[in-house]
């Protein structure tokens with residue numbers, strides 16, 4: 001019977017990919033260091049078609065166990081996109097580059113003939129605007145993001161490996177979102193609910209972008225597998241950008257429906273971009289030497305928000321039959337977090353009041369100093 005291995009299949013996106021592959025008739029083997037609980041209101045995996053293996057792809061014995069008798073490998077495991085992980089280049093390259101090399105070499109050894117890599121738009125985006133960027137857009141000469149550089153190296157290795165034994169391709173995603181998605185959606189929802197989403201920053205005037213809906217992204221992984229099977233001469237060795245269709249959206253305005261649902265107001269305060277990017281740089285530097293404070297955003301995340309970056313999906317439409325639905329639709333996200341925060345309230349910070357109190361305290365302090373010296 002059809003059998004596929006999903007490296008990194010225990011995460012939010014991985015389990016959505018597993019659902020799509022099960023719909024295609026595959027038994028899914030999920031290899032991951034941890035398995036998260038996915039919103040069970042959305043779906044429950046067919047346990048009769050699911051095998052879970054806990055461990056690292058760098059464990060050769062476990063990797064071979066997971067890939068045994070599989071015809072397809074979907075590699076979505078990655079390290080270092082955000083948080084403290086983003087400042088550990090050694091581990092980033094070990095997992096994202098060396099891990100990918102080991103995975104595809106093991107596929108060749110075990111005759112796993114189809115390999116799809118989950119890549120990132122970060123392989124072409126740096127700190128300059130991109131408008132309707134196509135897959136042949138030249139990659140930068142250097143990267144400021146270890147994560148982006150590692151994904152670029154991994155992608156190049158996978159595309160070069162395409163051949164007679166293993167047919168391979170890569171899909172580039174940008175900010176996967178969905179109800180319960182932990183990296184971008186949940187962070188945004190919690191910040192909004194707590195009243196911390198009060199300021200914005202932009203380098204581009206009205207920065208625009210496109211995000212990758214989780215259902216569209218998971219469907220694209222299944223379409224890539226089908227493409228490698230049915231048209232390997234077309235799909236093999238190719239990279240495809242996978243974002244939602246329709247018009248690009250405002251990097252900040254995209255979250256407005258969720259802001260309204262959670263009873264908050266859109267950010268009104270504007271912070272100059274240069275203050276944010278330099279502030280993040282120095283916080284990253286401080287963390288590198290002290291390990292005391294994890295930056296809430298890194299430079300790549302700041303630029304993805306502040307700088308227009310939009311992408312063409314025409315190649316994916318043509319070659320894979322990619323036809324995204326419910327583009328940039330937050331309806332289900334809003335309903336999910338409305339229920340979640342009713343059941344599990346979060347602490348709300350009244351930022352204007354906090355700044356007012358700080359201002360009053362500083363004013364009193366200045367008056368006290370003046371009174372002490374002059375009266």
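Numbering (the UniProt record's numbering), first residue to last: 1 to 375. All C-beta atoms, glycine included, are put in the ideal place defined by N, C-alpha and C.
Legend entry - residue 295 classed as buried or exposed, judged by whether at least 16 other C-beta atoms fall within 10 angstroms: Residue 295 is buried by the Cβ-count criterion.
Inset, instruction - Would you mind stating whether residue 86 and residue 298 have Cβ atoms separated by less than 8 Å? - result: If you check the CB distance, residue 86 and residue 298 come in under 8 Å.
Inset, instruction - Ignoring anything shorter than 3 residues or poking outside the region 188-246, list the beta strand (DSSP E) runs there in chain order. - result: Look at the region 188-246 and you find these whole runs of beta strand (DSSP E), each 3 residues long or longer: 239-242.
Inset, instruction - Give a single yes or no on whether residue 70 has its beta carbon closer than 7 Å to a heavy atom of the ligand ZN. - result: The ligand content of the structure shown is nil, which means the ligand ZN is not present either.
Inset, instruction - For residue 167, count neighbouring C-beta atoms within 10 Å of its own C-beta (all shown protein chains included) and say buried if the count is 16 or more, exposed if not. - result: Only buried fits residue 167, as 16 or more other CB atoms lie within 10 angstroms of its CB.
Legend entry - CB of residue 258 within 8 Å of CB of residue 333, strictly: Yes, the Cβ-Cβ distance between residue 258 and residue 333 is below 8 Å.
Legend entry - Per-residue burial, residue 361 [other beta carbons within 10 Å of its own, 16 or more giving buried]: The predicted position of residue 361 is uncertain, since its pLDDT is 44 and thus under 50; a value taken from the coordinates is nonetheless stated next. A residue is called buried once 16 or more other Cβ atoms fall within 10 Å of its Cβ, and residue 361, having fewer, is exposed.
Inset, instruction - Provide the residue span of the beta strand (DSSP E) that contains residue 4, from first to last. - result: Taken as a continuous stretch (DSSP letters only), the beta strand (DSSP E) holding residue 4 covers 3-7.
Legend entry - Through-space distance from residue 13 to residue 292, alpha-carbon basis: Straight-line Cα distance between these residues: approximately 30 Å.
Inset, instruction - Check whether the region 192-210 touches the region 243-260, taking contact to mean three or more Cβ pairs, one atom from each stretch, closer than 8 Å. - result: Per the Cβ contact rule, the region 192-210 is in contact with the region 243-260 (3 or more Cβ pairs under 8 Å).
Inset, instruction - Name the two residues that bound the continuous alpha helix (DSSP H) containing residue 119. - result: Looking at the DSSP string, residue 119 is not in any alpha helix (DSSP H); the run it does join, the beta strand (DSSP E), is 114-120.
Legend entry - Option in 105, 207, 228 and 69 with minimal Cα separation from residue 5: Answer by Cα proximity: 69.
Legend entry - Enclosing beta strand (DSSP E) for residue 153 [first to last residue]: Not the beta strand (DSSP E): residue 153 falls in the alpha helix (DSSP H), residues 146-161.
Legend entry - Cβ-based neighbour list, residue 376, same chain, cut-off 6 Å, excluding 5 preceding and 5 following: Residue numbering for the chain in the displayed model covers 1 to 375; residue 376 lies beyond these limits and cannot be assessed.
Inset, instruction - Take the Cβ of residue 353 as the centre, count every other Cβ of all protein chains shown within 10 Å, and call the residue buried at 16 or more, exposed below. - result: Note that residue 353 has pLDDT 49, beneath the 50 cutoff, so the model's placement of it is unreliable and no number is given.
Inset, instruction - Identify which residue in 163, 19, 24 and 269 has its Cα closest to the Cα of residue 107. - result: Minimum Cα distance to residue 107 is reached at 163.
Inset, instruction - Could you tell me the boundaries of the alpha helix (DSSP H) in which residue 303 lies? - result: From DSSP, the alpha helix (DSSP H) with residue 303 extends over 299-306.
Inset, instruction - For residue 309, name the three-state secondary structure that DSSP assigns. - result: Three-state result, residue 309: strand.
Legend entry - Buried/exposed call for residue 27, threshold 16 Cβ in 10 Å: So residue 27 counts as buried.
Inset, instruction - Spatial neighbours of residue 177 within its chain, please: CB distance less than 6 Å, with the 5 preceding and 5 following residues excluded, ordered by chain position. - result: Counting only Cβ-Cβ distances below 6 Å, and skipping sequence neighbours, we find 184, 185 and 211.
Inset, instruction - Kindly list the residues whose CB is nearer than 7 Å to the CB of residue 88, restricted to its own chain and excluding five residues on each side of it in sequence; keep chain order. - result: Closer than 7 Å at the Cβ level, and outside the excluded window around residue 88, lie 80.
Inset, instruction - Tell whether a beta-carbon distance below 8 Å holds between residue 134 and residue 1. - result: No; because the gap between Cβ atoms is not below 8 Å, this pair is not in contact.
Legend entry - Neighbour-count burial assignment, residue 15, 16 or more Cβ in a 10 Å radius: Residue 15 should be labelled buried.
Legend entry - contact_flag[the region 44-53, the region 98-107] where n(CB pairs < 8 Å) is 3 or more: Under the three-pair Cβ rule at 8 Å, the region 44-53 does not count as touching the region 98-107.
Inset, instruction - Express the C-alpha separation of residue 144 and residue 93 in angstroms, rounding to a whole number. - result: Going from the Cα of residue 93 to the Cα of residue 144 covers about 14 Å.
Inset, instruction - Report the rounded CA-to-CA distance for residue 328 versus residue 206, giving the unit in angstroms. - result: Separation of residue 328 and residue 206 (C-alpha to C-alpha, rounded to the nearest whole angstrom) is 17 Å.
Inset, instruction - Let me know the secondary structure DSSP gives residue 46 once reduced to three states. - result: Of the three classes helix, strand and coil, the one that applies to residue 46 here is coil, per DSSP.
Inset, instruction - Could you pull out every unbroken beta strand (DSSP E) segment of at least 3 residues lying fully inside the region 52-94, listed in chain order? - result: Here the runs fully enclosed are 72-75.
Legend entry - residue 22 burial status per 10 Å Cβ neighbour count (16 or more: buried): Result: buried.
Legend entry - Reference residue 196; option with closest CA among 335, 171, 242 and 264: Distances from the CA of residue 196 to each of 335, 171, 242 and 264 were compared; the closest alpha carbon is that of 264.
Inset, instruction - Indicate the three-state DSSP secondary structure (helix, strand or coil) for residue 128 in the structure shown. - result: If DSSP states are grouped into helix, strand and coil, residue 128 belongs with coil.
Legend entry - Beta-carbon proximity list for residue 286, same chain, < 8 Å, skipping 5 on both sides: Same-chain partners within the cutoff: 292 and 293.
Legend entry - Simplified DSSP assignment, three categories, for residue 339: Assignment of residue 339 by DSSP, reduced to helix, strand and coil, places it in the helix class.
Inset, instruction - Label residue 268 either buried or exposed according to how many other C-beta atoms from any shown protein chain fall within 10 Å of its C-beta, with 16 as the threshold for buried. - result: Burial is judged here by how many other beta carbons sit within 10 angstroms of a residue's own beta carbon; residue 268 has fewer than 16 and is exposed.
Legend entry - Residues near residue 62 by beta carbon distance below 8 Å, same chain, minus five either side: The answer, listed in chain order, is 31, 53, 55 and 56.
Inset, instruction - Classify residue 309 as buried or exposed, calling it buried when 16 or more other Cβ atoms lie within 10 Å of its own Cβ. - result: Residue 309 should be labelled buried.
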